[in-house]
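Reading through the structure tokens given below for one structure.
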Amino acid sequence: MLAQHAPFDLASLKSQGLLRTRIVKQAELCDFSSNDYLGLTEDKALQKAYQQGFKQYPVGSGASMLISGYHPIHKEFEETFCEAYKAEDALLFSSGYAANQSIAALLARYSFTAIFDKAIHASFYDGFKLAGTKFKRFIHQDYRMMQRIINSLAGDKVLLLESVYSMGGHFTPLDKLALSAPFMIVDEAHAFGLYGPEGLGAVEHFKLKVPLRVIPLGKSLGAMGAIVVGQADWIEALLQVARSYIYSTGISPAYVYGMQTAFTMLRKKDRQRQRIFDLVSYFKQLIKSSKHSWIDSVTPIQHLALACPKKALQASDYLFNKGFLVRAVRQPTVPRSLSGLRVVINVKHKKTDLERLISLVEELK
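Its first residue numbered 75, the sequence shown is counted upward by one per residue in the numbering used here.
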């Protein structure tokens, strides 16, 4: 069946500019696609910490964390986050995707209706489908529509938000939405490391109390996995339904030792955080006179909308050949109208990198 239909399906995707491919990362390229905001993936001191971890701890956890794979360093890592966030409990997942799917299962188990922005991460959508979670969506950042939905629903409700949306880079005014629903769960993937005191995220920035927040560790921390922190009863309930946690081998204890060091380093990066936002401001000045359509964003994620998947791929290829790695974004990740380029600014960029990139973008037809 696959041999019969796959060639036609793949050919169709390619003709529409929707075929997904991989490229091997090349060090000589100026990378505007990485989520490594603080440059921790290549930090020499941090590399030594990871090396020490592999000398001191087991390479693998050996089992699910509910069997015998929950090592002292895992508990210590979770407790460090609880202390930083003044949270009652925490769970370390193998990925943000796994954490979000588990939250969807939790909401289904207790008959919550999830109310969320249509631009929320795919992991939540997949989780809702798997768990049969009741949900209602509102148009991206249309908070009047959100409030109408909340007011129209009976029963238990949870407002599910990203503090910074991963494609358009829009920042969520969590402080204005906190009283809209009894419960609010926040995915801090692109705010952790950048916002709030010590880079602890947007929830901390606004001094809010939420039952759960998801902190993916593959962006600013430069690592992998995700940690969910929150109220003890919510974490305990999450543990009961988190199949991706229950039935997966725990993250390497040796690796977690390195992540512990990375978290300590991240909290001390105020100067680097300021540099990133200075670069964002400079980038915004550069695109003021652009002939292209840039989505309005005050975060390090900037989005050039080209409204055509093929044009997005052509633009990405053109920049690649000029020494820049800027990946195209297309449906289903974004609507067709937002097909384009996702530019991510990080601490390693220089103003001249931004200038050269925009100069090349302006050459695009």
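For glycine and all other residues, C-beta sits at the position ideal for the given N, C-alpha and C.
Spatial neighbours of residue i in its chain, beta-carbon cut-off 8 Å, leaving aside the 5 residues before and after
{"i": "E102", "result": "G397"}
{"i": "K192", "result": "R211, F212, I213 and H214"}
{"i": "Q130", "result": "A328 and Y331"}
Closest residue to residue i among the options (Cα-Cα distance)
{"i": "G134", "options": "S390, V372 and A328", "result": "A328"}
{"i": "I213", "options": "G201, K231, V232 and I189", "result": "I189"}
{"i": "T207", "options": "V232, I223 and H195", "result": "V232"}
{"i": "A263", "options": "F257, A255, S390 and T246", "result": "T246"}
{"i": "A297", "options": "K160, S107, E310 and T115", "result": "T115"}
{"i": "Y171", "options": "R430, A379, G136 and D261", "result": "D261"}
{"i": "A379", "options": "T426, Q121, V435 and M339", "result": "V435"}
{"i": "L428", "options": "V400, Q405, K250 and R404", "result": "V400"}
{"i": "E272", "options": "H195, D344, A228 and V303", "result": "D344"}
{"i": "C156", "options": "K384, S240 and L274", "result": "L274"}
{"i": "M219", "options": "L295, S254, L87 and E278", "result": "S254"}
{"i": "L415", "options": "K424, R430 and K384", "result": "K384"}
{"i": "A306", "options": "L387, L120 and E152", "result": "E152"}
{"i": "V238", "options": "P406, A228 and V372", "result": "V372"}
{"i": "S169", "options": "I301, D249, R96 and H377", "result": "I301"}
{"i": "G229", "options": "P256, K250, Q221 and A173", "result": "P256"}
{"i": "L387", "options": "K365, Q376 and S413", "result": "S413"}
{"i": "Y217", "options": "L438, K250, Q90 and E310", "result": "K250"}
Cβ neighbours of residue i in the same chain (closer than 6 Å, five flanking residues each side left out)
{"i": "S449", "result": "No answer is possible for residue 449: the residues shown for the chain start at 75 and end at 439."}
{"i": "E139", "result": "Per the sequence shown, residue 139 should be read as Met rather than Glu. Closer than 6 Å at Cβ, skipping near neighbours: G324."}
{"i": "K422", "result": "G113"}
{"i": "A137", "result": "G143"}
{"i": "F186", "result": "D230 and V232"}
Cβ shell of residue i (< 7 Å), same chain only, five flanking positions each side left out
{"i": "Q175", "result": "S197, D200, G201, L204 and S318"}
{"i": "A252", "result": "M258 and L282"}
{"i": "L295", "result": "L114, G267, M333, A336, F337 and L340"}
{"i": "K365", "result": "E436"}
Residue i in three-state terms, based on DSSP
{"i": "V417", "result": "strand"}
{"i": "E236", "result": "strand"}
{"i": "I141", "result": "coil"}
{"i": "V315", "result": "helix"}
{"i": "I147", "result": "helix"}
{"i": "V354", "result": "helix"}
{"i": "A77", "result": "helix"}
{"i": "A386", "result": "helix"}
{"i": "S364", "result": "coil"}
{"i": "I325", "result": "coil"}
{"i": "Q100", "result": "coil"}
{"i": "Q90", "result": "coil"}
{"i": "D344", "result": "helix"}
Per-residue burial, residue i [other beta carbons within 10 Å of its own, 16 or more giving buried]
{"i": "D418", "result": "What sits at residue 418 in the sequence shown is Val, not Asp. Result: buried."}
{"i": "M464", "result": "A query on residue 464 cannot be resolved here, the shown segment of the chain reaching from 75 to 439 and no further."}
{"i": "N225", "result": "exposed"}
{"i": "Y184", "result": "exposed"}
{"i": "Q346", "result": "buried"}
{"i": "Y111", "result": "buried"}
{"i": "Y321", "result": "exposed"}
{"i": "P374", "result": "buried"}
{"i": "R287", "result": "buried"}
{"i": "M75", "result": "exposed"}
{"i": "D163", "result": "buried"}
{"i": "N395", "result": "exposed"}
Short CB-CB distance (under 8 Å) between residue i and chain B
{"i": "K118", "result": "Absent from the structure is chain B; it holds one protein chain and no more."}
Any non-hydrogen atom of the ligand COA within 7 Å of residue i CB
{"i": "I320", "result": "The ligand content of the structure shown is nil, which means the ligand COA is not present either."}
> Where in the stretch 167-229 do unbroken runs of the alpha helix (DSSP H), each at least 4 residues long, occur, reported from the N-terminal end onward?
Replying inline: Every alpha helix (DSSP H) stretch that sits fully inside the stretch 167-229 and reaches 4 residues is listed by chain position as 170-183, 196-205 and 217-226.
>> Please give me, in chain order, every unbroken run of the beta strand (DSSP E) with length at least 3 that falls completely inside the stretch 390-438.
In response: Counting only runs of 3 or more residues that sit fully inside the stretch 390-438, the beta strand (DSSP E) segments are 414-418, in chain order.
>> If we require 3 or more residues per run, which beta strand (DSSP E) segments fall completely within the stretch 270-314?
In response: Fully enclosed beta strand (DSSP E) runs of 3 or longer: 286-290 and 300-304.
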